[in-house]
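S.K.:
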Amino acid sequence: MDSLDLSRVKVSDADACLVLANKYSTNPDAEDAANIMRVISIKNYSSDIRVIVQLMQYHNKSPHTPAWLNDYLRGAGMEMYTEKLSQAFVGMSFPEAADIDKDMLTNPAVGDAHKKPKQSSKQSSRDTPDWLNLYLCGAGMEMYTDTLSHSFVGMTFPEAADLLFTRLGLLLLAIELKDEENRECNIAINPGPSCVIQPQTQGFFIAQSADE
């Protein structure tokens, strides 16, 4: 990792760093190896920071890595998680939020069980509690990113979010904000009416599929 990037995100001032795997990677072992090297790079830059990395393959956990690497990682204070990373949220003080986080981490595909309520809404509402229908609908959704159309330029965030939801059924959660020189960017979650959409603004959506 570039030391300039690590300096830009202020790694030296952080208490912890979370390295997430790319779930769409076609080579999970290579993805895990790259993330382990990223951890080593972070620890070399800031030895006191706690680093947590998500591994895609269970056999890549530290007990199965070479002894020299295990010794280094233990000294670095690194912790590894596979798909169990999502389960860490279960013990949080807000169980409902934990379920949402777990769904977003696992990103379950929309299977037949989720499609059936849509095909027969009357039957689902009669046989299944409303809260369960809503939960199944939400659990079938995933998070996507895309550049907002030029038509949204000049709108406030609430105006754009309202238009996207009422016209297209898309839930706009956040947008990417850049400084005037486009050197740094931040993710603004529901920033409010003070935030105005600029050209080439990246949006973060929740939807049933990327086609939406």
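Numbering (our numbering), first residue to last: -14 to 197. Even glycine gets a Cβ: it sits at the ideal position worked out from N, Cα and C. It should be emphasised that the depicted structure is a prediction, and the values quoted were computed from it without experimental measurement.
1. Can you give me the C-alpha to C-alpha distance between K(-5) and L158, rounded to a whole angstrom?
2. Hey, out of D17, S194 and K8, whose CA is closest to A124's CA?
3. What distance in whole Å lies between the Cβ atoms of E161 and I172, which are believed to be in contact at a cut-off of 8 Å?
4. Verify the contact flag: S179, CB atom, against every heavy atom of the ligand FMN, threshold strictly below 8 Å.
5. Are the Cβ atoms of M140 and I182 separated by less than 9 Å?
6. When DSSP labels each residue in this structure, what does Y129 get in the three-state scheme?
7. In the structure shown, what three-state DSSP assignment does I27 receive?
8. Kindly indicate the opening and closing residues of the beta strand (DSSP E) around A145.
9. For the alpha helix (DSSP H) containing A6, name the first residue and the last one.
10. Can you check which of these residues, A146, D(-13), G177 and S26, is closest to F190 by C-alpha distance?
11. Pick out whichever of L121, D33 and L133 has its Cα sitting closest to the Cα of A(-1).
12. Taking only three categories from DSSP, how would you classify A173?
M.R.: Concretely, from the data shown:
1. Walking along the sequence shown from the start, residue -5 turns up at place 10. Walking along the sequence shown from the start, residue 158 turns up at place 173. Computed Cα separation, rounded: 25 Å.
2. Here the question's residue 124 lines up with position 139 in the sequence shown. Measuring from the Cα of A124, the nearest candidate turns out to be S194.
3. Indexing the sequence shown from 1 puts residue 172 at position 187. Indexing the sequence shown from 1 puts residue 161 at position 176. So it is a contact: roughly 6 Å between Cβ atoms.
4. Ligands are entirely absent from the displayed structure, and the ligand FMN is therefore not among its contents.
5. Indexing the sequence shown from 1 puts residue 140 at position 155. Indexing the sequence shown from 1 puts residue 182 at position 197. Result yes, Cβ atoms of M140 and I182 sit closer than 9 Å.
6. On the sequence shown, position 144 is the one that residue 129 refers to. Y129 falls in the strand class under three-state DSSP.
7. Within the sequence shown, residue 27 is the residue found at index 42, counting from 1. Residue state, collapsed to three classes: helix.
8. Sequence index remark: in the sequence shown, residue 145 carries index 160 (1-based). That residue, A145, is in no beta strand (DSSP E); its alpha helix (DSSP H) goes F142 to L148.
9. What you label residue 6 is simply residue 21 of the sequence shown in a count that begins at 1. Taken as a continuous stretch (DSSP letters only), A6 belongs to no alpha helix (DSSP H), as it is neither H nor E.
10. To locate residue 190, count along the sequence shown from 1; it is residue 205. Nearest option by C-alpha distance: A146.
11. Here residue -1 corresponds to residue number 14 of the sequence shown, with the count starting at 1. Among L121, D33 and L133, the Cα nearest to that of A(-1) is on D33.
12. The sequence position of residue 173 within the sequence shown is 188, counting from 1. Three-state result, A173: strand.
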